[in-house]
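Structure first, then comments.
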Amino acid sequence: MNGACWLAEKRGNDGIDLRYRDYRPDRSAGWTTLIVHGVAEHGGRYDHVSRWLLQRGVRVIVPDLRGHGRSGGVRTFVKHFSQYIDDLVLLRKSLELDPHRLMVLGHSMGGLVATRYAQLEPRGLAVLALSSPLLKLQQQISPVTLAMGAICNILAPATRFPTKFRHGQMTKDPLALAKRQSDPFLQKSITARWFFSMKSALQQVHRDASDIRVPVKILQGADDRTVHPSGAQEFLHDLSPGLTAELQYLPQHLHEILQESDWETSLKSFYDFGNEQIAQPSLRHIRPTG
């Protein structure tokens, strides 16, 4: 099954240009996946994921979040975290995506965005899929840096701080590593406002865990050094009893499970879950997994 992909543009509520990729199959399976990338990366890194889904008849929408990739805005900057959610709502409505046939798949910080979207827009999706989601911080930040950042957040919120991300901590796949190292759209710093907005969203996402109303599938690298692997289990524990929720830890996997050599296995797990839940939306139960 073939299809078409093109890069398009929408204007955010505050006038920022939002670029997105739209993969449309020739023959539709009847549902759509909205992919939300992580911080300091961009939607183009998920072209292989999108084309795999496209071949199975799934329409795929992949935006570059504001301040990322080809979208407008100061790099890795938001006035408040909810701007990311507002942009997803704008895309969903302007593209007339049927929320009852929509799976939102978020990676890392995109997983935090996707989860907040599910909490704030409970009727805006059918399935929530999370790839190594940012639900708990892994790296320790010195008190001095935190204090400096807090001051900058008030006085100069666009002040930049270098990230501690290392290519070798993301994936073990040599080809993916080479692409990562040569990618001109990857950012090497974050802003003070982004960091403290993210921290606030982290508190909110756990506080509002019971607001999730759709089936949840989480795949988490067991050897992740970027987000804390235990965050996924803690979040799952706080979901409403009886909600369909699956969590699987992937042994010997780092952070970017969809950039590993066995990415198709992980993606098929998301696809099978989404296909089942959208085809049988009445299912609501907790499933223990390995």
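Everything in the sequence shown is counted per my numbering, starting at 1169 for the first residue and increasing by one.
Think of the CB as a built atom: it goes at the ideal place given N, C-alpha and C, for glycine as much as any other residue.
Here the structure is a predicted model, which is why all the values come from computation and not from measurement.
Would you mind giving the Cβ-Cβ distance between residue i and residue j, rounded to the nearest angstrom? I have them listed as a contact below 8 Å.
i       : j       : result
Thr1201 : Met1271 : 5 Å
Asp1331 : Ala1176 : The amino acid occupying residue 1331 in the given sequence is Thr; Asp does not appear at that position. Rounded, the Cβ-Cβ distance is 29 Å, inconsistent with contact.
Val1384 : Ala1344 : 26 Å between Cβ atoms; not a contact.
Gln1372 : Arg1284 : 7 Å
Gln1306 : Arg1393 : 6 Å
Arg1141 : Val1246 : Given that the chain is displayed from residue 1169 to residue 1458, the structure contains no residue 1141 and the question cannot be resolved.
Cys1320 : Thr1313 : Incorrect: roughly 10 Å between the Cβ atoms, too far for contact.
Spatial neighbours of residue i within its chain, please: C-beta separation below 7 Å, excluding the five flanking residues on both sides.
i       : result
Lys1340 : Leu1422 and Glu1428
Leu1302 : Ser1276, Met1277, Gly1279, Leu1280 and Val1395
Gly1171 : Tyr1191, Arg1192, Pro1193, Asp1194 and Leu1222
Gln1251 : Arg1234
Gln1355 : Ala1208, Arg1243 and Thr1244
Gln1337 : Arg1393, Thr1394, Leu1422 and His1423
Where do the ends of the alpha helix (DSSP H) carrying residue i lie?
i       : result
Pro1446 : Per the sequence shown, the amino acid found at residue 1446 is Ile instead of Pro. Trp1431 to Ala1447 is the span of the alpha helix (DSSP H), which, as asked, contains Ile1446.
Gln1251 : Ser1250 to Ser1262
Val1217 : Asp1215 to Leu1222
Arg1372 : It is worth fixing the name first, because residue 1372 is Gln in this sequence and not Arg. Element bounds for Gln1372: Ala1360 to Arg1375.
Val1312 : Pro1311 to Leu1323
Ser1398 : Ser1398 to Asp1406
Arg1348 : Pro1342 to Gln1349
Excluding the 5 residues preceding and the 5 following residue i in the sequence, name in chain order all residues of the same chain whose CB lies nearer than 8 Å to its CB.
i       : result
Arg1179 : Asp1185 and Leu1186
Gly1458 : Since pLDDT at Gly1458 reaches only 41, below the 50 mark, its modelled position is unreliable, and no value is offered.
Leu1258 : Lys1178, Gly1180, Asn1181 and Leu1186
Ser1434 : Ser1299, Leu1387, Leu1418, Ile1425, Leu1426 and Glu1428
Ala1197 : Arg1224, Gly1225, Val1226 and Asn1443
Ala1346 : none
Pro1456 : Residue placement at Pro1456 is poorly supported in this model, since its pLDDT is 39, which falls under 50; the coordinates still yield a value, given next. So no residue of the chain qualifies.
Ile1253 : Val1281, Arg1284, Tyr1285, Leu1288 and Glu1289
Are the beta-carbon atoms belonging to residue i and residue j less than 8 Å from one another?
i       : j       : result
Trp1199 : Val1226 : yes
Leu1273 : Ala1294 : no
Arg1381 : Pro1325 : no
Gly1237 : Phe1353 : yes
Ser1357 : Phe1329 : yes
Arg1243 : Ile1446 : no
Counting along the chain, where does the beta strand (DSSP E) carrying residue i start and finish?
i       : result
His1275 : Leu1270 to His1275
Glu1177 : Gly1171 to Arg1179
His1388 : Before going further, note that residue 1388 is Gln rather than His in the sequence given. Unbroken beta strand (DSSP E) run through Gln1388: Val1384 to Gly1389.
Glu1414 : Ala1413 to Leu1418
Pro1231 : Arg1227 to Pro1231
Ignore the nearest five residues each way along the sequence and tell me which others in residue i's own chain have a CB closer than 6 Å to its CB.
i       : result
Pro1419 : Ala1390
Asn1443 : none
Val1204 : Gly1274, Gly1278, Val1281 and Ala1282
Asp1379 : Gln1287
Asp1351 : none
Asp1376 : Gln1287
Leu1256 : Tyr1285
Phe1249 : Ser1365 and Ala1369
- prompt: Within the chosen definition, does the segment 1391 to 1410 reach the segment 1360 to 1369 through at least 3 CB pairs nearer than 8 Å?
  reply: Not touching, per the Cβ criterion.
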